[in-house]
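Chains W and U are the protein sequences, given in the same order.
Residue 50 is where the first sequence starts when you use the working numbering, and the numbers rise one by one after that.
Residue 6 is where the second sequence starts when you use the working numbering, and the numbers rise one by one after that.
Yeah, the Cβ is synthetic: ideal placement off N, Cα and C, and Gly gets one too.
Here the structure is a predicted model, which means the values were calculated and not measured.
Below: one structure, written as structure tokens.
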Amino acid sequence: SSCINAEYGGADWKDTVIPCTEEGFKKWFGETKENLGLDFPNLPYLIDGDVKLTETLAILRYLGRKFDMMPVDAAKGDMVEQTIMDHRMQLGRMSYNPDFEKLKPAYLEKLKVHVERLTKFMGDGPFLFGDKVTYIDIMAYDFLQCARLLSPESFGASMISYLDRIANLPKIKEWLASEDCTHKTYTFHYPTKATWPGAPAQGS
Amino acid sequence: MVIEVGYWGLRGLGEPIRLVLRHSGADWKDTVIPCTEEGFKKWFGETKENLGLDFPNLPYLIDGDVKLTETLAILRYLGRKFDMMPVDAAKGDMVEQTIMDHRMQLGRMSYNPDFEKLKPAYLEKLKVHVERLTKFMGDGPFLFGDKVTYIDIMAYDFLQCARLLSPESFGASMISYLDRIANLPKIKEWLASEDCTHKTYTFHYPTKATWPGAPAQGS
Chain W
50 SSCINAEYGG ADWKDTVIPC TEEGFKKWFG ETKENLGLDF PNLPYLIDGD VKLTETLAIL
110 RYLGRKFDMM PVDAAKGDMV EQTIMDHRMQ LGRMSYNPDF EKLKPAYLEK LKVHVERLTK
170 FMGDGPFLFG DKVTYIDIMA YDFLQCARLL SPESFGASMI SYLDRIANLP KIKEWLASED
230 CTHKTYTFHY PTKATWPGAP AQGS
Chain U
6 MVIEVGYWGL RGLGEPIRLV LRHSGADWKD TVIPCTEEGF KKWFGETKEN LGLDFPNLPY
66 LIDGDVKLTE TLAILRYLGR KFDMMPVDAA KGDMVEQTIM DHRMQLGRMS YNPDFEKLKP
126 AYLEKLKVHV ERLTKFMGDG PFLFGDKVTY IDIMAYDFLQ CARLLSPESF GASMISYLDR
186 IANLPKIKEW LASEDCTHKT YTFHYPTKAT WPGAPAQGS
């Protein structure tokens, strides 16, 4: 979702892709990770001149400030950001768990409640915090698309409209329609390690 | 206006919030949800959905019209309110996130029946994280220099949990840092108080965690 954030912001950016292959894995951990000058080496990372960051939310918030994509009500913004991240991390951990199928029903119960609460919070929208698109909308889009792939039935008309509104933001729409759009090929999770990798639906 | 914080009667995710409020000197109310069957039933059966929270959960904070959940949302709110935000927001967010990430890993492990099997790998990661935090802090005296931030208070409580688990993972430099937090005047006063909950509170839910993180005897 950091990529989408940058796309939306119209910035000039470089997508350094670490291949999900044995070679890519070895090169990252054996060589690159400790040699980029990062205080807390990890993926994702962002380098913007002198700024070198890791931690997904630190990066998203940095870009949010840079591209005027911060919510006006900081406290509510933080709260919604955290609930989305919390649910996304639960989904991620479950996806890598050998007991994925056993864990799924309880997770879907929680997901249903969370989608209801987000829908209610948003009210008329059109975005989570009204008219202004925030980094949290972009984050919500990608995370909820993962949940939607897992459980389309958990998503009602209102939430689907919201996700479509994000997908139709001009630069995002343009990118999603592009020939090399990675959403046609990228899984949500590491393909050889996850019990449920979240591969893109066929033909989409 | 009294700020109300609701959380279980344990340290867990809520304690950094309580410590920030003590440090601030603000007037606040510590609404403790007892870790008993009765407390559990009352929270889930009655209170949780009736406080007007958008995303009901523990911890919660009510400050006049402001009603919040999510530990970090609450800590950042108090950080802004009490001038405890780091000057470099991006670095602040990054350090906040690494601390929270490690704390959550420790928490999940503590509730896992396989706690003992998971502990060695966790301790390896902890060692690296403590080294990185120590290096990041440099001369300090706090994580971001002279200014005490909500992230220092968060680090204190979360690292005290890790320290209880593995005292050997903490070198002199990090222990000095934790002592500096403990010696902040209002925190020091509270830690020395007769009813200081750090003498009795576990870090995790006592009847549900494999490793509840009970306070060391005699401390």
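Contact residues of the region 41-71 of chain U toward chain W are Asp59, Phe60, Val71 (C-beta to C-beta distance below 7 angstroms).
Val100/W is bridged by DSSP to Asp97/W.
Taken through DSSP and simplified to helix, strand or coil, Glu9/U comes out as strand.
The alpha-carbon of Glu80/W is positioned some 49 angstroms away from that of Ala31/U. Counting C-beta atoms within 10 angstroms of its own C-beta, Ser144/W has 16 or more neighbours from the protein chains shown and is therefore classed as buried. Apart from the 5 residues on each side of it in sequence, Val135/U sits with its Cβ closer than 7 angstroms to the Cβ of Ser174, Phe175, Met179 in its chain, given in chain order. Interface criterion met: the Cβ of Asp127/W is under 8 angstroms from a Cβ in chain U. Residue pairing for Asp68/U: DSSP places it in a beta bridge opposite Val71/U.
For the region 147-178 of chain U, the set of residues with a beta-carbon nearer than 8 angstroms to any beta-carbon of chain W is empty.
Annotated three-state conformation of Phe170/W is helix, per DSSP.
Put simply, of Met109/U, Tyr206/U, Phe147/U, Arg85/U the residue whose alpha carbon is nearest the alpha carbon of Ser29/U is Arg85/U.
Around Pro90/W, the same chain offers Lys82, Glu83, Thr103 as residues with beta carbons nearer than 8 angstroms, after the five sequence neighbours per side are excluded. Counting along the chain, the unbroken alpha helix (DSSP H) around Ile104/U starts and ends at 94-116. Annotation for Asp35/U: the continuous beta strand (DSSP E) segment containing it runs 33-38.
Annotated three-state conformation of Gly145/U is coil, per DSSP. Scanning chain W for C-beta atoms nearer than 7 angstroms to the C-beta of Glu75/U yields Asp127, Met128, Gln131, Thr132, reported in chain order. Spanning the alpha carbons of Gly86/W and Glu129/U requires a straight line of approximately 21 angstroms. In this structure, the alpha-carbon of Arg214/W lies about 49 angstroms from that of Lys191/U. Proximity of Glu165/W to chain U, defined by a Cβ-Cβ separation below 8 angstroms, is not satisfied. Between the alpha carbons of Leu183/U and Arg197/W lies a gap of roughly 44 angstroms. Taking 8 angstroms as the Cβ-Cβ cut-off, the region 226-252 of chain W has no residue approaching chain U. Here Gly176/U carries a coil assignment [DSSP, helix/strand/coil]. Assignment of Gly73/W by DSSP, reduced to helix, strand and coil, places it in the helix class. Counting other Cβ atoms within 10 Å of its Cβ, Val100/U reaches 16 or more and is therefore classed as buried. Comparing alpha-carbon positions, the option among Thr207/U, Lys47/U, Ile104/U, Ser198/U lying closest to Arg137/U turns out to be Ile104/U.
The three-state reading of DSSP puts Phe163/U in helix, counting H, G and I together. Within a 10 Å sphere around the beta-carbon of Gly59/W sit fewer than 16 other beta-carbons, which makes this residue exposed. Scanning Gly205/W, Leu177/W, Asp99/W for the CA closest to the CA of Asp93/U turns up Asp99/W.
Each residue's CA atom was taken as its position, placing Asn62/U and Thr74/U some 6 angstroms apart. In this structure the region 110-124 of chain W does not lie against the region 207-227 of chain W, because fewer than three pairs of beta carbons, one per stretch, are closer than 8 angstroms. Taking 8 angstroms as the cut-off, the beta carbon of Phe163/U is found closer than this to the beta carbon of Arg108/U. Going by C-alpha positions, Lys101/W is about 37 angstroms away from Lys153/W. Take Phe176/W, set aside five residues on each side of it, and the residues of its chain with a beta-carbon closer than 6 angstroms to its own are Val182, Asp186, in chain order. Of all residues in the region 97-110 of chain U, the ones placed with a Cβ closer than 7 angstroms to any Cβ belonging to chain W are Asp98, Met99, Gln102, Thr103, in chain order.
According to the DSSP secondary-structure assignment, Phe208/U is paired through a beta bridge with no residue. The C-alpha of Asp127/W is placed about 11 angstroms away from the C-alpha of Val121/W.
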